[in-house]
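Structure first, then comments.
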Amino acid sequence: MIFRQPARLTIRHAAKTDHRAIRRLMSENRAVHARLLAADVESRLDEDVAFVVEDQFALRGFLMVEPQPPQFGLIVVAALHDNSRITPFLRLTIPAVEQELRQLQLSALLQIGEAPWLTHELPAYDFLVVDRVITFEWRNRPLPDIVPHPRLQIRPAHLADLPDLLALDHLVFGPAWRKPYVTFREAMARAAAFTVGILAGRLVAYAWWNRFNAHAHLTRLATHPDFQGQGIGATLLRHIMQNIMAANIKTISLNTQMDNERSQNLYRRFGFRATPHIINVYQKDIGS
Numbered sequence: 007m008i009f010r011q012p013a014r015l016t017i018r019h020a021a022k023t024d025h026r027a028i029r030r031l032m033s034e035n036r037a038v039h040a041r042l043l044a045a046d047v048e049s050r051l052d053e054d055v056a057f058v059v060e061d062q063f064a065l066r067g068f069l070m071v072e073p074q075p076p077q078f079g080l081i082v083v084a085a086l087h088d089n090s091r092i093t094p095f096l097r098l099t100i101p102a103v104e105q106e107l108r109q110l111q112l113s114a115l116l117q118i119g120e121a122p123w124l125t126h127e128l129p130a131y132d133f134l135v136v137d138r139v140i141t142f143e144w145r146n147r148p149l150p151d152i153v154p155h156p157r158l159q160i161r162p163a164h165l166a167d168l169p170d171l172l173a174l175d176h177l178v179f180g181p182a183w184r185k186p187y188v189t190f191r192e193a194m195a196r197a198a199a200f201t202v203g204i205l206a207g208r209l210v211a212y213a214w215w216n217r218f219n220a221h222a223h224l225t226r227l228a229t230h231p232d233f234q235g236q237g238i239g240a241t242l243l244r245h246i247m248q249n250i251m252a253a254n255i256k257t258i259s260l261n262t263q264m265d266n267e268r269s270q271n272l273y274r275r276f277g278f279r280a281t282p283h284i285i286n287v288y289q290k291d292i293g294s
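All the letters of the sequence shown, read from the start, carry residue numbers 7 to 294 under this note's numbering.
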């Protein structure tokens, strides 16, 4: 009987030349968690913190983390070959990512969402559940009658809006939920619609949604804190939902934090219902 010794794993920074192997890894194996399309990974390799794990035979794992200053790095891709084990993969990649994030003066690593092959192992590396997100769904229900804000101008977002959008995003959302510049830039190019609300020449609200065949996902809806409670969010939400319905889409989903009762009340008013789907947010504090 011949016993084959386990191949020795090594880790290195991912390079542009790895993109084909990374795409194969993501498309041909089951243990994949991705907040990006495989086709988008190559363009992000120079912007994000990315490592590959390999042996002398093939690439065995890939981990990509998106820096989100001033505090976090967010895991956007984790992929593992079906014939590889998670423990050696994490033992190599987590410390390497932590070191890179410290050099960027970031103090925590986040994982949002459940990928059991990955998230079941995270507590062993000092990740804690720090927040929970609930998914709401709308299924072809009538929209409520509302009095639209009389002075709100709704129009498509422009690239020139990016500074105001980033500033508004930082006002509305806590550090774990803020979107970086690259996410806004990509959303403007790829979302089904990216819409802003303008009041007296000032950008006070924005939203974007993505289409997945006959399903829409409302990725973001935000109103400036100084203008909340004036019907701006409801006016923008109704405008978006009317456009979605006009596109013959019958279901809409969205996510919101479990303790955000204000947002949940708005969504329920428009016929959204909470689903059993709960998303955990895992965080590992790494210092800086």
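Yeah, the Cβ is synthetic: ideal placement off N, Cα and C, and Gly gets one too.
(1) In terms of alpha-carbon separation, which member of F142, V135, E104, L15 lies closest to P282?
(2) Could you tell me the distance, in whole angstroms, from the CA atom of A211 to the CA atom of N286?
(3) Per DSSP, which one or two residues make a beta bridge with H126?
(4) Closest to P76 by CA distance: which of W214, I118, G237, Y187 is it?
(5) CB L134 to CB Q289, shorter than 8 angstroms?
(6) Which complete beta strand (DSSP E) runs does the stretch 191-243 hold, if anything under 3 residues is left out?
(7) When you compare the CB positions of S113 and D265, do they come within less than 8 angstroms of one another, or not?
(8) So, at 6 angstroms on beta carbons, what are the nonlocal neighbours of H155 in its own chain, with the 5 sequence-adjacent residues on each side left out?
(9) Would you give the residue range spanned by the beta strand (DSSP E) that R279 belongs to?
(10) Look at the alpha carbon of L149 and the alpha carbon of G277, and state the distance between them as a whole number of angstroms.
(11) Check the DSSP bridge columns for M70 and list the partner residues they point to.
(12) What do you get for T262, buried or exposed, if any count of 16 or more other CB atoms within 10 angstroms of its CB means buried?
(13) Mind checking who P162 pairs with in its DSSP beta bridge?
(14) Taking buried to mean at least 16 other C-beta atoms within 10 Å of its own C-beta, is T23 buried or exposed?
(15) Looking at the strands, I want to know which residues DSSP matches up with H19.
(16) P73 and G79: beta carbons closer than 8 angstroms?
(17) Give the DSSP bridge partners of A37, in chain order.
(18) Quick check: the Cα distance between K256 and Q105, rounded to an integer number of angstroms?
(19) Expressed to the nearest angstrom, what Euclidean distance is found between the alpha-carbon atoms of A85 and Q159?
(20) By Cβ distance, which residues of its chain are closer than 6 angstroms to R29, with the 5 residues on each side in sequence left out?
(21) Would R138 and I284 qualify as a contact pair, given that the criterion is a beta-carbon distance under 8 angstroms?
(22) Taking just the CA atoms, how far does H176 sit from T99?
(23) Ordered along the chain, which non-local residues of its own chain (more than five positions away) have a Cβ less than 8 angstroms from that of F200?
(24) With DSSP collapsed to three states, give me the class of N261.
(25) Please report the Cβ distance between D61 and A13, rounded to the nearest whole angstrom; I am assuming they are in contact, meaning their Cβ atoms lie under 8 angstroms.
(26) If the criterion is Cβ atoms closer than 8 angstroms, does the pair H19 and A56 meet it?
The answer reads as follows:
(1) F142
(2) 27 angstroms
(3) Partner(s): none; H126 has no beta bridge.
(4) Y187
(5) yes
(6) 199-205, 208-218, 221-229
(7) no
(8) G237, I238, T241
(9) 279-291
(10) 7 angstroms
(11) A56, V83
(12) buried
(13) T201
(14) exposed
(15) F57
(16) yes
(17) L86
(18) 46 angstroms
(19) 43 angstroms
(20) A44
(21) yes
(22) 30 angstroms
(23) P162, A163, A193, M194, Y212, A213, W214
(24) strand
(25) 4 angstroms
(26) yes
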